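Q: Residue numbers (this note's numbering): 10 to 282. Note that CB positions come from ideal geometry on N, CA and C, so glycine has one too. Keep in mind the model is a prediction, meaning the values are calculated, not measured.
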Ligand code: HPA
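1. When the Cα of residue 13 is compared with those of 32, 62, 33 and 25, which residue comes out closest?
2. What residue range is occupied by the uninterrupted alpha helix (DSSP H) comprising residue 224?
3. Verify the contact flag: residue 132, CB atom, against every heavy atom of the ligand HPA, threshold strictly below 7 Å.
4. Locate the alpha helix (DSSP H) running through residue 143, then write down its first and last residues.
5. Which word fits residue 223, buried or exposed, when buried means at least 16 other C-beta atoms lie within 10 angstroms of its C-beta?
6. Measure the beta-carbon distance from residue 219 to residue 206 and round it to whole angstroms, keeping in mind my assumption that it falls under 8 Å.
7. Can you tell me whether residue 145 sits near the ligand HPA, meaning its C-beta is under 7 Å from at least one heavy atom of the ligand?
8. Between residue 165 and residue 194, what straight-line distance do the alpha-carbon atoms span, to the nearest angstrom?
9. Could you spell out where the alpha helix (DSSP H) holding residue 117 opens and where it closes?
10. Please confirm if the stretch 228 to 238 is in contact with the stretch 261 to 272, defined as three or more CB-CB distances below 8 Å between the two stretches.
11. Taking Cβ to Cβ, would you say residue 33 is nearer than 8 Å to residue 160?
12. Please determine whether the Cβ atom of residue 184 lies at a distance below 7 Å from any heavy atom of the ligand HPA.
13. Helix, strand or coil: which one does DSSP assign to residue 174?
14. Taking Cβ positions, are residue 216 and residue 103 nearer each other than 8 Å?
15. Could you tell me if the beta carbon of residue 124 falls within a distance shorter than 7 Å of some heavy atom in the ligand HPA?
16. In whole angstroms, what separates the C-alpha of residue 177 from that of residue 281?
17. Is residue 265 near the ligand HPA, going by C-beta to nearest heavy atom under 7 Å?
18. If we count Cβ pairs, one from each stretch, closer than 8 Å, do we get three or more for the stretch 91 to 109 versus the stretch 135 to 152?
19. For residue 118 and residue 254, what's the separation of their Cα atoms in angstroms?
20. Under three-state DSSP, which class holds residue 78?
21. Measure the beta-carbon distance from residue 131 to residue 183 and round it to whole angstroms, keeping in mind my assumption that it falls under 8 Å.
22. Should residue 93 be labelled buried (16 or more other beta-carbon atoms within 10 Å of its own) or exposed?
23. For a test of the three-state rule: what should DSSP assign to residue 95, helix, strand or coil?
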């Protein structure tokens, strides 16, 4: 059997020995959303380090665990902390959690992240519904022998972000008077922030926001037949768009500030999935 799939199966067996819960929705919590699980009726928790072979993040503020529980009636699993390609992991490890959550039963993947705004009409703190994506200079996570058990060799990516789920999120934002932007998310590898020229490149390519996660996760999930949706917290205007240099602290501060609104949007949307 393919080594990559074998590793996912090993993680699956390891989780199943400890947790019997079957989630419908998988939610990846981006910067600032670490406390989201306070909103769910928790049934089980597993530190990433307890799952044999599961990638463990090295970034401060991304300490990781899987949290299983109910949001209203919806059984879900939350990923508190994710690993990024820039940490040096193989791209197949970066997307292992998506494949694992699919095997655990999740049909829907809700991706969240922090990003830099490339669209000049955006402001720091805006929330952006991800309508499409550009994976830029990041290794495609499907490179290697195709995992037939998960999906097809050449998966269609016409609609990575599910229109129905996106409509639910948009309607929820409207109901709660949340100003939700929409746009294309472009993933670069990081970990350096972009140069102003790279931000111009991203804009010319059609991006509205730029970040260091998510696109590869969405590709792997779509390949595995999950329905995907995503919202990004635009934490800053990207490099060169203001006078200010960028810092991780500034991004985290903006993400923390936007968290209550972001949490509300997630909570109310997922209840309707
Ligand atoms: N660039 C890339 N990733 C980010 C940014 C940015 O400006 N802000 C938050 N995440």
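A: Short version:
1. 62
2. 224 to 232
3. Answer for residue 132: no, Cβ out of range of the ligand HPA.
4. Taken as a continuous stretch (DSSP letters only), residue 143 belongs to no alpha helix (DSSP H), being part of the beta strand (DSSP E) at 135 to 144.
5. It counts as buried.
6. So it is not a contact: roughly 13 Å between Cβ atoms.
7. no
8. 18 Å
9. No alpha helix (DSSP H) holds residue 117; the beta strand (DSSP E) holding it covers 117 to 126.
10. no
11. no
12. Incorrect: residue 184 has no Cβ contact closer than 7 Å to the ligand HPA.
13. helix
14. Contact flag unset, no.
15. yes
16. For the pair residue 177 and residue 281, the Cα-to-Cα distance works out to about 7 Å.
17. no
18. At 8 Å Cβ cutoff, the stretches touch.
19. 33 Å
20. strand
21. Actually they do not touch by this definition, with Cβ atoms about 19 Å apart.
22. buried
23. helix
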